[in-house]
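For the record, the sequence lines run as chains A and B. Every number in the numbering used here is 81 more than the matching position in the first sequence, counting from 1. Every number in the numbering used here is 1196 more than the matching position in the second sequence, counting from 1. Just so it is clear, CB atoms sit at the ideal spot from N, CA and C, and this is done for glycine as well.
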Amino acid sequence: GENVEQHPSTLSVQEGDSAVIKCTYSDSASNYFPWYKQELGKRPQLIIDIRSNVGEKKDQRIAVTLNKTAKHFSLHITETQPEDSAVYFCAARLLMDSSYKLIFGSGTRLLVRP
Amino acid sequence: GAVVSQHPSWVICKSGTSVKIECRSLDFQATTMFWYRQFPKQSLMLMATSNEGSKATYEQGVEKDKFLINHASLTLSTLTVTSAHPEDSSFYICSARVAERNSPLHFGNGTRLTVT
Chain A
82 GENVEQHPST
92 LSVQEGDSAV
102 IKCTYSDSAS
112 NYFPWYKQEL
122 GKRPQLIIDI
132 RSNVGEKKDQ
142 RIAVTLNKTA
152 KHFSLHITET
162 QPEDSAVYFC
172 AARLLMDSSY
182 KLIFGSGTRL
192 LVRP
Chain B
1197 GAVVSQHPSW
1207 VICKSGTSVK
1217 IECRSLDFQA
1227 TTMFWYRQFP
1237 KQSLMLMATS
1247 NEGSKATYEQ
1257 GVEKDKFLIN
1267 HASLTLSTLT
1277 VTSAHPEDSS
1287 FYICSARVAE
1297 RNSPLHFGNG
1307 TRLTVT
């Protein structure tokens, strides 16, 4: 089955710096890659996603890149702010018939120091 | 946007009792709902896929007789943890999506279960 690996597990950056989180996936059939932000005790919130027919997508300070050949995708946060501190999860969609199964990475705890 | 409501948000129960968690899609019909479990500082692990009108599909290692899932309507799925034990204590989160092929997943607020 699909396996998603995420690095680093923790990331500490100074406010204003950029943060990059990387994920790799194993199943070449995966075609949808969302990123979720989860604050302590709360639900994961979708922050950006990318489909396999696109190499890069940007939304203000957040961008995601996808390399299908290498089977990895990355989240880039620029001009980080303290409120960006949270746990970030990448995920990959495993296409199985009509199901919509999302497999999550292990998470990255981002700390933005003021 | 699509809203998923989960209830209760937290519950404390004694070992051996059963707990039911509800997941509702408030403003859309969800043909498929997913139940995840998250232990502290860990990732979301998919437990089962709940399909309206049919049996749930459980992930490997998840006991279907212990975690009963019912998806009786297009807006409601329930997860019942039967004969709960302290090791079942966890954060349970449901998610749902609209029927469109590439629609994103929307998560409920989660239920923190503590079994004493």
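message: Counting only Cβ-Cβ distances shorter than 9 angstroms, please list the residues of the segment 1283-1307 of chain B near chain A, keeping chain order.
response: Going along the segment 1283-1307 of chain B in chain order, one finds PHE1287, ILE1289, SER1291, ARG1293, ARG1297, ASN1298, SER1299, PRO1300, LEU1301, HIS1302, PHE1303, GLY1304, ASN1305 and GLY1306 with a Cβ nearer than 9 angstroms to chain A.
- prompt: By the criterion of Cβ-Cβ separation under 7 angstroms, what are the contact partners of LEU127/A in chain B?
  reply: Working through the first sequence from its first residue, we reach residue 127/A at position 46. Under the 7 angstroms cutoff, chain B gives PRO1300.
- prompt: Would you say the segment 185-192 of chain A touches the segment 1210-1226 of chain B, given that touching needs at least three Cβ pairs under 8 angstroms?
  reply: Verdict: no, contact absent.
- prompt: At a CB-CB cut-off below 7 angstroms, which residues of chain B make contact with PRO187/A?
  reply: Here residue 187/A refers to the residue found at position 106 of the first sequence. Here the sequence assigns Ser to residue 187/A, which means Pro is not the residue at that position. Here the neighbours are SER1239.
- prompt: Expressed to the nearest angstrom, what Euclidean distance is found between the alpha-carbon atoms of TYR1232/B and PHE185/A?
  reply: To locate residue 1232/B, count along the second sequence from 1; it is residue 36. To locate residue 185/A, count along the first sequence from 1; it is residue 104. For TYR1232/B and PHE185/A, the gap between their C-alpha atoms comes out near 10 angstroms.
query: Going by alpha carbons, who is nearest to ASP1223/B out of SER1201/B, VAL1207/B, ASN1305/B and PHE1230/B?
result: By one-based count along the second sequence, residue 1223/B stands at place 27. Cα-wise, what sits closest to ASP1223/B is SER1201/B.
- prompt: The beta strand (DSSP E) with ASN1247/B in it runs from where to where?
  reply: Taking the second sequence and counting its residues from 1, one reaches residue 1247/B at position 51. In the DSSP annotation of this structure, the continuous segment of the beta strand (DSSP E) that includes ASN1247/B starts and ends at 1241-1247.
message: What would DSSP say about PRO163/A, mapped onto helix, strand or coil?
response: In the first sequence, residue 163/A corresponds to position 82, counting from 1. Note: PRO163/A maps to helix in three-state DSSP.
- prompt: What three-state label does DSSP hand PRO1282/B in the structure shown?
  reply: If you number the second sequence from 1, residue 1282/B lands on position 86. Looking at PRO1282/B - three-state DSSP - the assignment turns out to be helix.
message: Quick check on DSSP: helix, strand or coil for ARG124/A?
response: What you label residue 124/A is simply residue 43 of the first sequence in a count that begins at 1. Of the three classes helix, strand and coil, the one that applies to ARG124/A here is coil, per DSSP.
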